[in-house]
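With numbering that gives the first Met the number 0 applied, the sequence shown corresponds to residues 0 to 710, in that order.
Everything below concerns the one structure shown next.
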Amino acid sequence: MSHSSLPPPSESGPDPKLGQAVFYARVALDVPLPGLFDYCSAQPVSVGQRVIAPFGPRQLVGVVVEVPDKPGIEPGQLRPLIQVLDDLPAMPVDWLRLMAFASRYYHRPLGEVMLPALPPPLRKASSYTGKRSGGGPVLRLEKRLKKAGAIASGFSGAAGLQTDAHQLNDEQQSAVSAIAAMQGHGVVLLRGITGSGKTEVYLHAARKVLDMGRQVLFMVPEINLTPQLEGVLRARFADFSGGHALAVLHSGLSDGERLESWLKAARGDARILLGTRMAVTTPMPDLGLIIVDEEHDASYKQQDGLRYSARDLAVWRGHDLKVPVVLGSATPSLESWNHAVQGRYTPLELTRRARETPMPDIKMVDTRRLRLEQGFSPQVVEAIEQRLQANEQVLVFLNRRGYAPVLRCTSCGWVSQCAHCTAHVVLHRMQHGRARLQCHHCGGYSPVPRACPTCGDMDLQPMGRGTQRVEEFLAERFPDARISRIDADSTRLKGSAERLFSEVHQGDVDILVGTQMVAKGHDFANLGLVAVLNADSMLFAQDFRAPERLFAQLMQVAGRAGRHRAGAQVMLQTDYPDQPVYRSLQRHDYKGFADYALGEREALGLPPFSYQALLVAEGRELAQALTFLEQMRDLPASRPDTYPTLDQVMLYDPVPLRIVRVANIERAQLLVESPSRPALQRFLTQWNEDLFQAGRQARVRYSLEVDPFEI
Ligand SMILES: [Zn+2]
Ligand SMILES: [Zn+2]
Numbered sequence: 000m001s002h003s004s005l006p007p008p009s010e011s012g013p014d015p016k017l018g019q020a021v022f023y024a025r026v027a028l029d030v031p032l033p034g035l036f037d038y039c040s041a042q043p044v045s046v047g048q049r050v051i052a053p054f055g056p057r058q059l060v061g062v063v064v065e066v067p068d069k070p071g072i073e074p075g076q077l078r079p080l081i082q083v084l085d086d087l088p089a090m091p092v093d094w095l096r097l098m099a100f101a102s103r104y105y106h107r108p109l110g111e112v113m114l115p116a117l118p119p120p121l122r123k124a125s126s127y128t129g130k131r132s133g134g135g136p137v138l139r140l141e142k143r144l145k146k147a148g149a150i151a152s153g154f155s156g157a158a159g160l161q162t163d164a165h166q167l168n169d170e171q172q173s174a175v176s177a178i179a180a181m182q183g184h185g186v187v188l189l190r191g192i193t194g195s196g197k198t199e200v201y202l203h204a205a206r207k208v209l210d211m212g213r214q215v216l217f218m219v220p221e222i223n224l225t226p227q228l229e230g231v232l233r234a235r236f237a238d239f240s241g242g243h244a245l246a247v248l249h250s251g252l253s254d255g256e257r258l259e260s261w262l263k264a265a266r267g268d269a270r271i272l273l274g275t276r277m278a279v280t281t282p283m284p285d286l287g288l289i290i291v292d293e294e295h296d297a298s299y300k301q302q303d304g305l306r307y308s309a310r311d312l313a314v315w316r317g318h319d320l321k322v323p324v325v326l327g328s329a330t331p332s333l334e335s336w337n338h339a340v341q342g343r344y345t346p347l348e349l350t351r352r353a354r355e356t357p358m359p360d361i362k363m364v365d366t367r368r369l370r371l372e373q374g375f376s377p378q379v380v381e382a383i384e385q386r387l388q389a390n391e392q393v394l395v396f397l398n399r400r401g402y403a404p405v406l407r408c409t410s411c412g413w414v415s416q417c418a419h420c421t422a423h424v425v426l427h428r429m430q431h432g433r434a435r436l437q438c439h440h441c442g443g444y445s446p447v448p449r450a451c452p453t454c455g456d457m458d459l460q461p462m463g464r465g466t467q468r469v470e471e472f473l474a475e476r477f478p479d480a481r482i483s484r485i486d487a488d489s490t491r492l493k494g495s496a497e498r499l500f501s502e503v504h505q506g507d508v509d510i511l512v513g514t515q516m517v518a519k520g521h522d523f524a525n526l527g528l529v530a531v532l533n534a535d536s537m538l539f540a541q542d543f544r545a546p547e548r549l550f551a552q553l554m555q556v557a558g559r560a561g562r563h564r565a566g567a568q569v570m571l572q573t574d575y576p577d578q579p580v581y582r583s584l585q586r587h588d589y590k591g592f593a594d595y596a597l598g599e600r601e602a603l604g605l606p607p608f609s610y611q612a613l614l615v616a617e618g619r620e621l622a623q624a625l626t627f628l629e630q631m632r633d634l635p636a637s638r639p640d641t642y643p644t645l646d647q648v649m650l651y652d653p654v655p656l657r658i659v660r661v662a663n664i665e666r667a668q669l670l671v672e673s674p675s676r677p678a679l680q681r682f683l684t685q686w687n688e689d690l691f692q693a694g695r696q697a698r699v700r701y702s703l704e705v706d707p708f709e710i
């Protein structure tokens, strides 16, 4: 019947025993068990509705995914739902489809996909039960907003980006037109060198979509990129929805703030949702465009629980809703680049800097025959000196935080090890001249020993250097310079990253020492020199994606220089100046690098020319983890009839992880690979069931990751 959106009442009809109508609900719950759970209800329920269901002794919020005529178990064994939540309409069907896809593709139970995708207050039974929960979190939020007279904290001080719409150059204009001309679904890969004004293209494309009455989902990789962009978006789209067009979603928000943003987007009140990877699952009734900025960034990949790629889900969602998706980057992932090469994505290019400043000159400093002073070559020290004299800013980039990566005994060679991990502990300077040893893997720390624990010698020396030690050296060498350090340690307190960055923007800093945190998005107007200290440490990493990541990171760091002025320079210290990664970097040649790297991947049958999944097992002892993985490697061959695609799937031998032990847990991994995605998926569906059965007996924990990012 077309006049009713409600599902037809259950045919099971009135239950004579109970003397009232009985309805059945098949519910997804966030529990580590496969499958769905059936309940009965005296009240009608519809698909997509949230309910509170009893589960053992607990009460859990779940989502109704089916309303069956008959339950899957004896009706007498069904427990009744505790509450059918009606504070929100049923979750929309496209959201349910997205969840079902993620569950299938990543091989996780539907409930473990759906519930974590909701803001915490909407998935906790305690938000609704008990005396203090009056009306539930949605009602409470609305009351509070009404009382406060609503809303929206303005954000100003966006540095660098212009807040008023400005004239596009030809390249930007044709990119905007190409995006606007897309009918239905298509993926655009927008490759633009740093400073070429990708953001302007996004903003113009977004405006066209907003003008048509549709919503825009705008994704960025990291929280600390949101304030800058938030200010720009608020100013630029102040004419929409009385200035309340924007909602922001990231993990730095409180549960209440997150609920508020989510509701605004889900109800269509917010026309633009700006957010990190978690934003990709937010319902948006009028979604008309998805933008994924810095699409190559590792932050789009969730590293625990449901290990999804937000970029990949965004592409799927765009396809499902028939809306365009724009992936933007100066250094696209090789996966996306390959899609463009193969004609599946539309490539668009921005080759000119918006301000017409030349790309910075990149110079390799061959350190093989140089005497370094605290890791600095004479050339770099001299260049810093000159730039400071010219009143320009300097960025020293070093991807290692702390004071020194290890403490070492000069007489017996003892090195500081974590008691709980197979890793060195890092020497950190604290306030007031104190220091401690800190493990970057388990987070544990310990005091610095006065003497060597092995031989008793008092001469313990820090080896190598991190950002703190570099900062210390620079302060000695350039006593008049104002030096600031930006890394995970200096920005731990809420708001401190914003404060530090704004000091740099205001010109209160002469030398900035930073890790990858400074590489992304920030546009430092007065930056004349970027010095890169330890890039070589990433050159020979085990992971096959390491060169790709290194190239992207160096391009990004280099791109910080000279966006507003000519004559900027990047100096990269290396023992391997002839490495292809560095050679391409020097020429600002992404295509050259991508062709070379894709050629290598193809020759070795690595992604994107194959598809992978990674099974990681953890146990008290490595042997337990390895035994479990060996068992799982051998099982498919012993039951070939249940694994019809086994001949297209390669199971590698289990190996210990590079850092075997973290927090007293030992870990090993097993890589699965196939040239065919469907064959791999079919294999994984069966394997995942067998894993669940075997995992119950084995004394290990395991996780299965599809399209692993690091191996
Ligand atoms: Zn010693
Ligand atoms: Zn540790």
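Yeah, the Cβ is synthetic: ideal placement off N, Cα and C, and Gly gets one too.
Remember, it's a predicted structure, so these values are computed and weren't measured experimentally.
Whose C-alpha, out of the options, is nearest the C-alpha of residue i?
i: F239; options: R270, P452, V247, R386; result: R270
i: C454; options: V83, W413, A474, L492; result: W413
i: G591; options: V186, R103, F550; result: F550
i: V137; options: A180, M98, L84, T573; result: L84
i: A612; options: G135, V469, D706; result: D706
i: Q552; options: K519, F539, D574, A41; result: K519
i: P108; options: S195, L605, V30, R131; result: V30
i: K362; options: A567, G75, V469, F22; result: A567
i: A560; options: E475, V395, S415; result: V395
i: V531; options: T514, A524, V219; result: T514
i: Y610; options: P674, V654, A474; result: P674
i: V648; options: Q685, V654, L538, L528; result: Q685
i: R386; options: F708, L528, R464; result: L528
i: Q378; options: H338, G241, V569, R676; result: V569
Does the separation of the CB atoms of residue i and residue j fall below 9 Å?
i: L584; j: A557; result: yes
i: A662; j: C408; result: no
i: R316; j: L286; result: yes
i: M62; j: V50; result: For the record, residue 62 in the displayed sequence is Val; it is not Met. Yes, the Cβ-Cβ distance between V62 and V50 is below 9 Å.
i: V325; j: I178; result: yes
i: T350; j: I192; result: yes
On the premise that residue j lies in contact with residue i, defined as a C-beta separation below 8 Å, what is that separation, rounded to the nearest angstrom?
i: S332; j: Y344; result: About 11 Å separates the two Cβ atoms, so there is no contact after all.
i: V405; j: H423; result: 4 Å
i: C39; j: L87; result: At roughly 22 Å, the Cβ-Cβ gap does not stay under 8 Å, so C39 and L87 are not in contact.
i: A204; j: L288; result: 7 Å
Residue i: buried (16+ other C-beta within 10 angstroms of its C-beta) or exposed?
i: C420; result: buried
i: A636; result: exposed
i: Q48; result: buried
i: E57; result: Rather than Glu, the amino acid found at residue 57 in this sequence is Arg. Classification for R57: exposed.
i: V431; result: The sequence given here places His at residue 431; Val does not occur at that position. Classification of H431: exposed, given that the 10 Å Cβ count is below 16.
i: I485; result: buried
i: G212; result: exposed
i: N390; result: exposed
i: A418; result: exposed
i: G34; result: exposed
i: E73; result: exposed
i: K300; result: buried
i: S176; result: exposed
i: S125; result: exposed
For residue i, collect the residues of the same chain with a Cβ closer than 6 Å to its Cβ; drop the 5 residues on either side in sequence, then sort them by chain order.
i: P282; result: P91, W94, A265
i: P118; result: R257, L258, W261
i: G12; result: Summary for G12: the model assigns pLDDT 44, below 50, so the residue's position carries little reliability, and this model does not support an answer.
i: E704; result: R306, L613
i: E709; result: D542
Which residues in the same chain as residue i place their Cβ atom closer than 8 Å to its Cβ, once the five residues preceding and following it in sequence are excluded?
i: V699; result: A616, E617, G618, Q623, A624, F627
i: C495; result: What sits at residue 495 in the sequence shown is Ser, not Cys. Closer than 8 Å at the Cβ level, and outside the excluded window around S495, lie S489.
i: T198; result: L160, L228, V231, D292
i: I150; result: Model confidence at I150 stands at a pLDDT of 47, short of 50, so the residue's coordinates are unreliable; what they give is reported in the following sentence. Taken in chain order, the residues that qualify are L144, H243.
i: M457; result: R449, A450, C451
i: Q711; result: This structure leaves residue 711 out entirely; the chain is present only between 0 and 710.
Give every residue of the same chain whose Cβ lies closer than 7 Å to the Cβ of residue i, excluding the five residues on either side of it in the sequence, and list them in chain order.
i: N533; result: L397, N398, R399
i: S376; result: V364, T366, L369, Q572
i: A596; result: L333, P546, E547
i: D646; result: none
i: F54; result: L28, V30
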